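Visitor:
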Amino acid sequence: MMKRIFCLIAVFMIALSAVTAAAYKDQINRDGHILENAEIALGGLMVGTTRAQVEAIYGAPTERTEPRMSPALDEMMDEYTYGTSFKIIFVKDTVMYLNTNAHNGIATPAGVTVGDPADKIMQTYGKPWRDTKYEDGKENFVYRDKYDIAIVFRTEHGKITYIGIVGSE
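Start counting at 1 in the sequence shown, then tack on 310, and there's your number in our numbering.
(1) Tell me where the beta strand (DSSP E) around lysine 397 begins and ends.
(2) Can you tell me where the beta strand (DSSP E) holding isoleucine 461 begins and where it ends?
(3) In angstroms with no decimal places, state the Cα-to-Cα distance between glutamate 385 and methionine 379.
(4) Taking C-alpha atoms, which residue in Tyr435, Lys443 and Gly468 lies nearest to isoleucine 461?
(5) Report the residue from Ile398, Asn414, Val452 and Met406 whose alpha carbon sits nearest the alpha carbon of alanine 382.
(6) Can you name, in chain order, every residue of its own chain whose Cβ lies under 7 Å from the Cβ of isoleucine 315, other than the five neighbours on each side?
(7) Have a look at tyrosine 453 and alanine 370 and give me their C-alpha separation to the nearest angstrom.
(8) Looking only at C-alpha atoms, which of Ala366, Leu352, Ile470 and Thr375 sits nearest to proline 427?
(9) Does the pairing of the region 440 to 456 with the region 395 to 406 give three or more beta-carbon distances under 8 Å?
(10) Do lysine 437 and histidine 343 have their CB atoms nearer than 7 Å?
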């Protein structure tokens, strides 16, 4: 009887694992490539760039949100949008997050842009720190530097659809 119970539990665990794996695959590669700080930039901007530096490069934003308190960071934050697809979030007066989701000329220092083929990511940066594959065919590649600043590439149908930089993941 105990043997049957253990066998039933084993079958249940295998089935549960298969269902979980079918939903998505999230692989954290602790030995993935660690990027240099200067490689994690977008449109010439990186985490820590000041508001004055952003405005010197890009001018006034197309749109700006009102400053508000960030509950997670307990600091004031606001967002600049350039065009419709390049967003920069400031905490205090420094860049903490930035992203683009359109082929708009905004690129990483290595020249990777939205619209490029998905295989360009690993050709350029090597093995990611985290690779998440979703059931719907979308995939995220996450790289980081030694300070845990991360750059995220989202792909869909073999193309890069989003590039974002996160000050702390």
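All residues carry an ideal CB built from backbone N, CA and C; glycine is no exception.
The structure displayed is predicted, hence computed values, not measured ones.
Guide: Looking at the coordinates:
(1) Numbered from 1 along the sequence shown, position 87 holds the residue referred to as residue 397. Start and end: 396 to 401.
(2) Reading the sequence shown from its first residue, position 151 is the one you call residue 461. Here the beta strand (DSSP E) through isoleucine 461 covers 460 to 466.
(3) Taking the sequence shown and counting its residues from 1, the one referred to as residue 385 is at position 75. Taking the sequence shown and counting its residues from 1, the one referred to as residue 379 is at position 69. Rounded to the nearest angstrom, the two C-alpha atoms are 6 Å apart.
(4) Here residue 461 is taken as the residue at index 151 of the sequence shown, counted from 1. Minimum Cα distance to isoleucine 461 is reached at Tyr435.
(5) Here residue 382 is taken as the residue at index 72 of the sequence shown, counted from 1. If we check each option's Cα against that of alanine 382, Met406 comes out closest.
(6) Working through the sequence shown from its first residue, we reach residue 315 at position 5. The predicted position of isoleucine 315 is uncertain, since its pLDDT is 43 and thus under 50; a value taken from the coordinates is nonetheless stated next. Contacts found: none.
(7) Here residue 453 corresponds to residue number 143 of the sequence shown, with the count starting at 1. Here residue 370 corresponds to residue number 60 of the sequence shown, with the count starting at 1. C-alpha separation (whole angstroms): 30 Å.
(8) On the sequence shown, position 117 is the one that residue 427 refers to. It is Ile470 whose Cα lies nearest to the Cα of proline 427.
(9) The region 440 to 456 vs the region 395 to 406: no contact.
(10) Looking up residue 437 in the sequence shown gives position 127. Looking up residue 343 in the sequence shown gives position 33. Yes, the Cβ-Cβ distance between lysine 437 and histidine 343 is below 7 Å.
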